[in-house]
């Protein structure tokens, strides 16, 4: 790995590069195999993160859109790691990969469960809301590596994509998911505007130091779409920051930073969609392990997460009837 | 041989792997793998005593729920599975809890047929509000029965 990485980076830089302190980084998501290292070449030293596409896992996604999105967000005020090099074909390391600058901070979310709250994480949550508003205000036109959608078909495009994945990935009928997909299809919302959507915006996918948000990570599900999608995802119960900053306050911070706060029905559609989407991600991980495509044990029993997501989604649906 | 029980055996294996392997490994993917294995073994050991009765109860509840829905919605379409398969699966459900019990494989096969039938109803576009509400109740109950096994890796 080190030799191949050294050769590739030397080719990219045009000078001999030395790679040191190369080490794998623990990852919960596992769509990418992350590594940290330091690269030095004459006059330069750069602490970096290498993201290698996982052989198989919980997510079907390409590296290119993630890298190009992060690259084009530079200078927009959205806190992203600096994009450095991309090998989309996987010729350098045998699998597609890209390198970004290292960003200081931790992704630890244990403080979110503190029943007494956490003022530092509350500040980070407000900054997350502001970062989301900035992201959603960015002109999506230059992001031409992402599929084009209109305001009328943004929700349908996402629903079609995840419905298709569900059909391909499930190992059994899952009538609850079939029902919810049909429910969503009968109530497609129209987006107020099209934005760059993160697609996995939440605590756990951001870095912070003390009370400062330092970077938004894990852009593998980014796309052009309805910004409300990120709001329907960001406070799901699995990673909610409700104890440190109530969701209403998060939405108020989003609005104060220029974001448009959606009406409850519009938001609820994306909250139900989010439960379905995460269920399909879990089923994808379960299939990857069941078929031997991955040996990562984090995926082995992921389908057991689905009942809780379905319960939440059906509660949301019940509340709308 | 009854002792150590399968449950005790699994719990012991998990404890031993945690103490002698996971705790000795440096942070990284190898330790993550062992920790995930330990957590899975513990959850399975915890759920094992209830798995077979839960599958029986679930199969019976699905059969009863489908009959209730058919009474409201008229004959179900059978779009997802053949009529004979559904009839056979209902027969398996009706045979519970008589002896001899079907094998676990037979029970799972019947259960999946009933779930497929429920999924066929769930995507019908012509559901009345009454049927829709009854169906939603059935699905919520199904999700609740599955969650009660506490097999989720995020179970606390």
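Chains as they are written, first to last, in my numbering: chain G, 1 to 321; chain U, 1001 to 1156.
A virtual CB, placed ideally from N, CA and C, is assigned to each residue, including glycine.
As the structure is a computational prediction, the values presented were derived from the model and not from experiment.
Am I right that residue i and residue j are in contact with their C-beta atoms under 8 Å? What's the rounded C-beta distance?
{"i": "residue 206 of chain G", "j": "residue 107 of chain G", "result": "7 Å"}
{"i": "residue 1048 of chain U", "j": "residue 1034 of chain U", "result": "In fact, because the Cβ distance is near 21 Å, the residues do not count as touching under 8 Å."}
{"i": "residue 1065 of chain U", "j": "residue 1138 of chain U", "result": "4 Å"}
{"i": "residue 194 of chain G", "j": "residue 59 of chain G", "result": "About 23 Å separates the two Cβ atoms, so there is no contact after all."}
{"i": "residue 78 of chain G", "j": "residue 216 of chain G", "result": "7 Å"}
{"i": "residue 88 of chain G", "j": "residue 64 of chain G", "result": "5 Å"}
{"i": "residue 1085 of chain U", "j": "residue 1113 of chain U", "result": "5 Å"}
{"i": "residue 191 of chain G", "j": "residue 154 of chain G", "result": "4 Å"}
Nearest by alpha-carbon distance to residue i: which of the options is it?
{"i": "residue 1054 of chain U", "options": "U:1118, U:1093, U:1128", "result": "U:1093"}
{"i": "residue 16 of chain G", "options": "G:5, G:311, G:75", "result": "G:5"}
{"i": "residue 1131 of chain U", "options": "U:1063, U:1003, U:1068", "result": "U:1068"}
{"i": "residue 1022 of chain U", "options": "U:1107, U:1011, U:1010, U:1038", "result": "U:1038"}
{"i": "residue 145 of chain G", "options": "G:284, G:256, G:95, G:223", "result": "G:223"}
{"i": "residue 1046 of chain U", "options": "U:1058, U:1008, U:1129, U:1096", "result": "U:1008"}
{"i": "residue 200 of chain G", "options": "G:111, G:31, G:10", "result": "G:31"}
{"i": "residue 1161 of chain U", "options": "U:1107, U:1151, U:1152", "result": "Absent from the model: residue 1161 of chain U. The displayed extent of chain U is 1001 to 1156, so no value can be given."}
{"i": "residue 204 of chain G", "options": "G:71, G:218, G:315", "result": "G:218"}
{"i": "residue 25 of chain G", "options": "G:48, G:12, G:8, G:7", "result": "G:48"}
{"i": "residue 74 of chain G", "options": "G:38, G:262, G:138, G:191", "result": "G:138"}
{"i": "residue 115 of chain G", "options": "G:245, G:294, G:132", "result": "G:245"}
{"i": "residue 134 of chain G", "options": "G:23, G:192, G:259, G:62", "result": "G:259"}
{"i": "residue 161 of chain G", "options": "G:181, G:101, G:262", "result": "G:181"}
Around the Cβ of residue i, are there at least 16 other Cβ atoms within 10 angstroms (buried) or fewer (exposed)?
{"i": "residue 221 of chain G", "result": "buried"}
{"i": "residue 14 of chain G", "result": "exposed"}
{"i": "residue 1030 of chain U", "result": "exposed"}
{"i": "residue 175 of chain G", "result": "buried"}
{"i": "residue 288 of chain G", "result": "buried"}
{"i": "residue 1062 of chain U", "result": "buried"}
{"i": "residue 1012 of chain U", "result": "exposed"}
{"i": "residue 1104 of chain U", "result": "exposed"}
{"i": "residue 226 of chain G", "result": "buried"}
{"i": "residue 1027 of chain U", "result": "exposed"}
{"i": "residue 129 of chain G", "result": "buried"}
{"i": "residue 44 of chain G", "result": "exposed"}
{"i": "residue 292 of chain G", "result": "exposed"}
{"i": "residue 1002 of chain U", "result": "exposed"}
{"i": "residue 62 of chain G", "result": "exposed"}
Using a C-beta cutoff of 8 Å, does residue i count as contacting chain G?
{"i": "residue 1028 of chain U", "result": "yes"}
{"i": "residue 1142 of chain U", "result": "yes"}
{"i": "residue 1153 of chain U", "result": "yes"}
{"i": "residue 1147 of chain U", "result": "yes"}
{"i": "residue 1033 of chain U", "result": "yes"}
{"i": "residue 1118 of chain U", "result": "yes"}
{"i": "residue 1040 of chain U", "result": "yes"}
{"i": "residue 1115 of chain U", "result": "yes"}
{"i": "residue 1139 of chain U", "result": "yes"}
{"i": "residue 1123 of chain U", "result": "yes"}
{"i": "residue 1136 of chain U", "result": "yes"}
{"i": "residue 1093 of chain U", "result": "no"}
{"i": "residue 1112 of chain U", "result": "yes"}
{"i": "residue 1036 of chain U", "result": "yes"}
Taking 8 Å as the CB-CB limit, is residue i close to chain U?
{"i": "residue 278 of chain G", "result": "no"}
{"i": "residue 300 of chain G", "result": "yes"}
{"i": "residue 308 of chain G", "result": "yes"}
{"i": "residue 179 of chain G", "result": "yes"}
{"i": "residue 26 of chain G", "result": "yes"}
{"i": "residue 149 of chain G", "result": "no"}
{"i": "residue 167 of chain G", "result": "no"}
{"i": "residue 174 of chain G", "result": "yes"}
{"i": "residue 46 of chain G", "result": "no"}
{"i": "residue 305 of chain G", "result": "yes"}
{"i": "residue 317 of chain G", "result": "yes"}
Closer than 8 Å by C-beta to residue i: which residues in its own chain qualify, once you throw out the five before and the five after it? Chain order, please.
{"i": "residue 320 of chain G", "result": "265, 268"}
{"i": "residue 177 of chain G", "result": "166, 170, 276, 279, 280, 306, 310"}
{"i": "residue 183 of chain G", "result": "272, 317"}
{"i": "residue 239 of chain G", "result": "109, 112, 202, 203, 204"}
{"i": "residue 140 of chain G", "result": "146, 194, 195, 196, 224"}
{"i": "residue 2 of chain G", "result": "19, 22"}
Give every residue of the same chain whose Cβ lies closer than 7 Å to the Cβ of residue i, excluding the five residues on either side of it in the sequence, and list them in chain order.
{"i": "residue 1160 of chain U", "result": "Only positions 1001 to 1156 of chain U appear in the structure, and residue 1160 of chain U is not among them; the question remains open."}
{"i": "residue 274 of chain G", "result": "232, 233, 236"}
{"i": "residue 242 of chain G", "result": "235"}
{"i": "residue 42 of chain G", "result": "15"}
{"i": "residue 120 of chain G", "result": "210, 211"}
Enumerate in chain order the residues of its own chain whose CB-to-CB distance from residue i is below 6 Å, with the five nearest sequence positions on each side excluded.
{"i": "residue 40 of chain G", "result": "18"}
{"i": "residue 1090 of chain U", "result": "1063"}
{"i": "residue 95 of chain G", "result": "52, 53"}
{"i": "residue 1018 of chain U", "result": "1038"}
{"i": "residue 86 of chain G", "result": "67, 98"}
{"i": "residue 71 of chain G", "result": "83"}
Report yes or no: is there a C-beta of chain C within less than 8 Å of the C-beta of residue i?
{"i": "residue 1024 of chain U", "result": "Judged by its chain identifiers, the structure shown contains no chain C, and its protein chains are G and U."}
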